[in-house]
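Here's the structure we're looking at; comments come further down.
2 protein chains.
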Amino acid sequence: MTQIRDVAARAGVSVASVSRVLSGHPSVGEDIRRRVLDAVKALDYRPDLAARRLRSRRTDTIGLIVADIRNPFFTEVSRAVEDVAYQHRMRLILCNTDEDPAREASCLELMRDENVSGVILAPSLHRLAGFRAADHPFPLVLVDRCDPDTVADAVVLDNVEAARVLTTHTIESGRRRILFLHGASSATGRQRLDGYTAAMAAHGLTAEAVGVAPIADRSREVAQVLLARPALPDAVLASSGLILLGLTQALRDAGRRVPGDVAIAGFDDQPWTRLVDPGITVVAQPTYAIGREAAELLLRRIAAPDKPVRRVVLRGELIVRGSSARA
Amino acid sequence: MTQIRDVAARAGVSVASVSRVLSGHPSVGEDIRRRVLDAVKALDYRPDLAARRLRSRRTDTIGLIVADIRNPFFTEVSRAVEDVAYQHRMRLILCNTDEDPAREASCLELMRDENVSGVILAPSLHRLAGFRAADHPFPLVLVDRCDPDTVADAVVLDNVEAARVLTTHTIESGRRRILFLHGASSATGRQRLDGYTAAMAAHGLTAEAVGVAPIADRSREVAQVLLARPALPDAVLASSGLILLGLTQALRDAGRRVPGDVAIAGFDDQPWTRLVDPGITVVAQPTYAIGREAAELLLRRIAAPDKPVRRVVLRGELIVRGSSARA
DNA sequence: TTGACTTGTGTAATCGGTTGCCCGAACGCC
DNA sequence: GGCGTTCGGGCAACCGATTACACAAGTCAA
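One line per chain: the protein sequences are A and B, in this order.
For the first sequence, numbering that gives the first Met the number 0 gives the first residue as 0, with consecutive numbering after it.
For the second sequence, numbering that gives the first Met the number 0 gives the first residue as 0, with consecutive numbering after it.
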C-alpha cells in the first residue's frame with residue numbers, strides 16, 4: 000500500500016507538506032503543491048482514513064437513526080440525508096430502532112463509539128422526554144419528532160396545524176362522527192392528535208381517538224375491530240402513511256364503500272394514495288426537504304457548535320381527493 | 000476520555016492484557032479477565048475505534064451500494080442487511096448510485112478508502128460486463144443483479160423462470176398480444192425479458208418489448224404513449240415494481256378498465272398491489288430473504304476468502320389477483 | 001541596520017489501540 | 001531430576017496519518 004511517506008519521497012518534500020496540501024492547508028507554496036499533487040496522482044495515493052481519524056479526531060461521518068427505514072417517510076429522509084452527505088464527502092451510517100428504546104440507546108452508543116461528526120435522530124417517545132441535544136457527545140439534529148420544549152435542533156412538520164387542517168376539511172365535508180387513528184408511540188402522532196382534538200372542539204364535536212402501533216398490519220387489525228362495531232363513524236382519519244395503509248386495507252377487506260359508507264383521509268402522499276379508487280385525501284409532507292434540511296442543519300451545527308438551537312418547521316399540504324368527498 | 004491504559008492501571012495489569020480480554024483472545028487467565036472486566040465496567044471504558052482500526056486493519060463495517068434506497072426492493076434489502084450487520088456488531092455504510100456508473104465507481108472507491116470488511120452491491124448493467132469479485136480490494140457480494148457468467152458471490156432471483164411463469168400465466172388467461180415493459184438498465188430487466196420472450200415463443204406468440212428507465216414516472220410516460228396507440232394490447236407486463244406502478248398510474252389516468260380493456264401484471268408484491276381494485280397479479284420476491292442471504296453470504300466470505308464463489312438463487316412466487324383475469 | 005513579523009517547510013511527537021516477541025512458571029515425560 | 005512444551009502475561013514496536021514546534025528566509029518599519 001502506498002503511504003504518505005512514499006508520496007513525500009517521490010515529490011521530494013516532507014510528509015508534513017504532503018499532509019498540508021491534501022488537507023487544503025493555506026500556507027504551502029505553489030511549487031510544492033504542484034509536486035505533491037503530481038506525486039499523488041502518479042502513485043494513486045489514497046490517505047488511510049483510520050490513521051487520519053485517529054490523529055485528527057474527526058471522522059466526517061454522520062449517523063442516521065430511524066425507527067424503520069422501510070417506513071417510506073424515513074426512506075425518503077434517508078435518501079435526502081445521503082445526498083447531502085455525499086455532496087460534502089461525508090459517509091452515512093444507518094441504524095434502525097423499531098421504536099425500541101433499548102435498541103435506540105444502543106444505536107446512540109454505537110454512534111458515540113464511531114465518534115461520528117453528528118447524528119440525525121428520529122427519537123422514540125420515551126427518549127424525547129426531557130431530551131437535550133447537549134447531553135450527547137456529538138452534534139445532534141432531530142427529525143420528524145420534537146416537543147415544543149425540546150432543547151435541540153430539529154426539523155419537523157407543523158403537526159398540530161396539519162392535523163387541524165385535515166380535520167377541519169373533513170368536518171366541512173359534512174362529517175360529524177370522525178374517528179382518529181393515531182400513532183401512539185411517537186410525539187408526531189400525539190401532536191397530530193392534538194390538532195384533531197382542537198379542530199373537533201372548535202366545531203363542538205366529540206373527539207374519538209384510538210392509538211395504534213405505527214405498523215400497517217397493526218393498524219389494519221385495529222381498524223377491522225372498529226369497523227365491526229354496530230355504528231360506523233362518518234369518517235376515519237389516520238395520523239401517518241402506514242396507519243392509513245392499514246386502514247385502507249381494512250376497509251377494502253370489509254367491503255365498505257369509500258366515501259359512501261365512510262370517508263377516510265390521512266397523512267403522507269405516497270404513490271398508492273392516488274392509485275386507489277377513489278384517491279385518498281392526504282396531507283403531503285415535504286419529506287425530501289425535511290431530510291435535506293436536517294442534514295444541512297446538522298452540518299451547520301457541526302461547523303458552529305455554539306450557536307443557539309434552531310427549529311425548522313415545515314408545512315404540510317392538503318391534497319383533496321375523492322375519499323373525503325361528501326357522502 | 001478514558002483509555003486502555005487507565006483500565007490497565009486500575010486493574011493492575013498491562014495494556015496488552017486489557018486488549019486481549021476485550022478482543023476475546025483465548026490465553027488470558029480467569030483472574031486477570033475478571034479484574035479487567037471490572038475495571039472496564041467501573042470506568043465505562045469504550046475502546047477508540049479509530050485506533051483499533053488503524054492497528055488491526057479491520058473495520059467491522061460493511062458497505063451497501065444500491066441504485067436508490069427509495070426503490071422498495073432495495074429498502075427492504077437494506078433493512079435485512081442492517082439487521083444482520085447489527086446482530087454481528089458491524090456497521091452499515093449506505094450509498095446510492097442512481098444507476099450512474101460514475102457515481103457507482105465513486106461509491107466503490109469510497110468503500111475502498113473506508114477499508115470496509117465487505118460490500119454488497121447491486122451493480123449497474125455497465126459494471127456487470129466482465130465483472131469479477133476478485134478485481135476488488137474487499138470481499139463483495141452481488142444482489143439482485145448478476146449474469147450467468149459473472150465470477151462473484153451473488154444472491155438473485157431466478158428471473159428468467161419468474162418471468163416465464165408470469166408470462167405463461169397471462170397467456171393461459173387467454174391473452175395473445177402481450178406487451179412487456181422492462182427495465183432497460185439492469186441485468187435483472189434483461190433476464191426477465193428473456194423469460195418473457197421464451198414463454199411467448201413457446202406458445203408461438205410474437206414478443207413485443209419496450210425498455211424503460213426503472214422509475215415510476217418514466218414508466219408512466221412510456222405507458223401513456225403506448226396506450227394512446229390505435230390497437231390496445233391484450234395485456235401489459237412490467238418487469239419491476241416501479242415500472243408496474245407507473246403502468247398502473249397510466250392506465251388509471253387513461254381511464255382504461257383492468258382487466259376488461261387490458262390485463263396487467265408484474266413484479267414485486269408491494270402493499271398497494273392488493274389495495275387497488277382489482278388487485279394486481281405479481282411475482283412476489285422474497286426481498287428480505289435476499290438481503291439477509293446476501294449479508295450472511297458476505298460474512299461467510301469475509302471469514303473464508305478463498306472458498307469458491309457461491310450463487311444463491313431464490314424463487315419468486317406467483318400471486319394471482321384480478322388484474323390478469325380472463326377478459 | 002536591526003528587530004519584529006510573516007511565510008514556508010521540516011522534524012518528530014502524537015493519536016490509542018493491537019500484536020510480535022520474549023520470558024518466567026508450570027507441567028509432563030522419560 | 002532434567003528437559004521440552006505449553007501457557008500466561010508484559011514490553012515496546014507499530015499502524016499511518018496530523019500537527020505542534022522549531023527554524024530559516026524574506027518583508028517591512030523604525
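Ideal Cβ positions, reconstructed from N, Cα and C, are used throughout, including at glycine.
- Item | Endpoints, the alpha helix (DSSP H) within which C106/A is located | P100 to E113
- To the nearest angstrom, report how far apart A294/B and S105/B are at their CA atoms. 22 Å
- Report buried or exposed for G240/B, applying the criterion of at least 16 other Cβ atoms within 10 angstroms of its Cβ. buried
- Express the C-alpha separation of V261/B and R255/B in angstroms, rounding to a whole number. Pairing R255/B with V261/B, the inter-Cα distance amounts to about 7 Å.
- Item | Beta-carbon proximity list for Y195/B, same chain, < 6 Å, skipping 5 on both sides | A162, T166 and F179
- Whose CA, out of L42/A, R102/A and A215/A, lies closest to the CA of Q269/B? A215/A
- Minimum C-alpha distance to A288/B - residue among E75/B, A10/B, V6/B and V20/B: E75/B
- Does the beta-carbon distance from Q284/B to G315/B come in below 9 Å? yes
- Measuring CB to CB, does A132/A end up less than 9 Å from V308/A? Between A132/A and V308/A, the CB-CB gap stays under 9 Å.
- Item | Contact with chain B by R163/A, beta-carbon distance below 9 Å | no
- Item | Residues that G254/B bridges to, as DSSP identifies them | Beta-bridge pairing links G254/B to no other residue.
- How about V154/A and V140/A: do their beta carbons lie closer than 9 Å? yes
- Message: My assumption, with CB atoms under 8 Å, is that T1/B sits in contact with Y44/B. Please give the rounded CB distance.
- Response: 5 Å
- Item | Neighbourhood of I170/B by C-beta distance below 6 Å, restricted to the same chain and skipping five residues each side | H202
- Verify whether the separation of the beta carbon atoms of V80/A and R291/A is less than 9 Å. yes
- Message: For V337/B and G11/B, I'd like the C-alpha separation in whole angstroms.
- Response: A query on residue 337/B cannot be resolved here, the shown segment of chain B reaching from 0 to 326 and no further.
- Message: Can you list, in chain order, the residues of its chain with a C-beta nearer than 6 Å to that of V209/B? Leave out the 5 residues immediately preceding and following it.
- Response: L180
- Task: Within the region 271-319 of chain B, note down every full beta strand (DSSP E) run reaching 3 residues or more, in order along the chain.
- Result: 280-283, 310-313 and 316-318
- Query: Can you tell me the Cα-Cα spacing of A101/A and F73/B, whole angstroms?
  - Reply: 26 Å
- Query: When the distance is taken between beta carbons, is S238/B closer than 9 Å to G321/B?
  - Reply: no
- Task: Tell me, please, which residues DSSP counts as bridged to L139/B.
- Result: Paired residues: V118/B.
- In chain order, what residues of the same chain lie with their CB nearer than 6 Å to the CB of R123/A, ignoring the 5 residues before and after it? Contrary to the premise, residue 123/A reads as Ser rather than Arg in this sequence. For S123/A, the CB contacts under 6 Å within the same chain, skipping 5 residues up- and downstream, are E98, P100 and E103 in chain order.
- Query: Quick one, are the C-beta atoms of L226/A and A206/A less than 9 Å apart?
  - Reply: Cβ distance not < 9 Å, so L226/A and A206/A don't count as in contact.
- Message: For the alpha helix (DSSP H) containing I170/A, name the first residue and the last one.
- Response: Here the alpha helix (DSSP H) through I170/A covers N158 to E171.
- Please report the Cβ distance between A9/B and A41/B, rounded to the nearest whole angstrom; I am assuming they are in contact, meaning their Cβ atoms lie under 8 Å. Residue identity check: residue 9/B is Arg in the sequence provided, not Ala. Right, their Cβ atoms sit about 7 Å apart.
- Item | Span of the beta strand (DSSP E), counted from its first residue to its last, around G62/A | T60 to V65
- Item | Option in L109/B, R191/B, D146/B and L274/B with minimal Cα separation from E160/B | R191/B
- Query: Whose C-beta lies closer than 8 Å to the C-beta of R88/B among residues of the same chain, with five residues either side of it excluded?
  - Reply: Closer than 8 Å at the Cβ level, and outside the excluded window around R88/B, lie D59.
- Task: Report yes if the C-beta distance between T280/A and A302/A is below 9 Å; otherwise report no.
- Result: no
- Taking any Cβ of chain A, which residues in the region 70-81 of chain B have a Cβ under 7 Å from it, in chain order? T74, E75, S77, R78 and E81
- What are the partner residues of N70/B, as DSSP defines its beta bridges? DSSP output for N70/B lists no bridge partner at all.
- Residues from the region 34-55 of chain B in contact with chain A, defined by Cβ distance under 7 Å: R45, L48, A49, A50, R52 and L53
- Item | For L178/B, the first and last residue of its enclosing alpha helix (DSSP H) | Element bounds for L178/B: not the alpha helix (DSSP H) but the beta strand (DSSP E), I177 to G182.
- Query: Name the chain A residues whose beta carbon is nearer than 7 Å to that of D59/B?
  - Reply: For a Cβ distance threshold of 7 Å, nothing in chain A lies close to D59/B: the least Cβ distance comes to about 11 Å.
- Hey, L109/B and L63/B: beta-carbon distance below 9 Å or not? no
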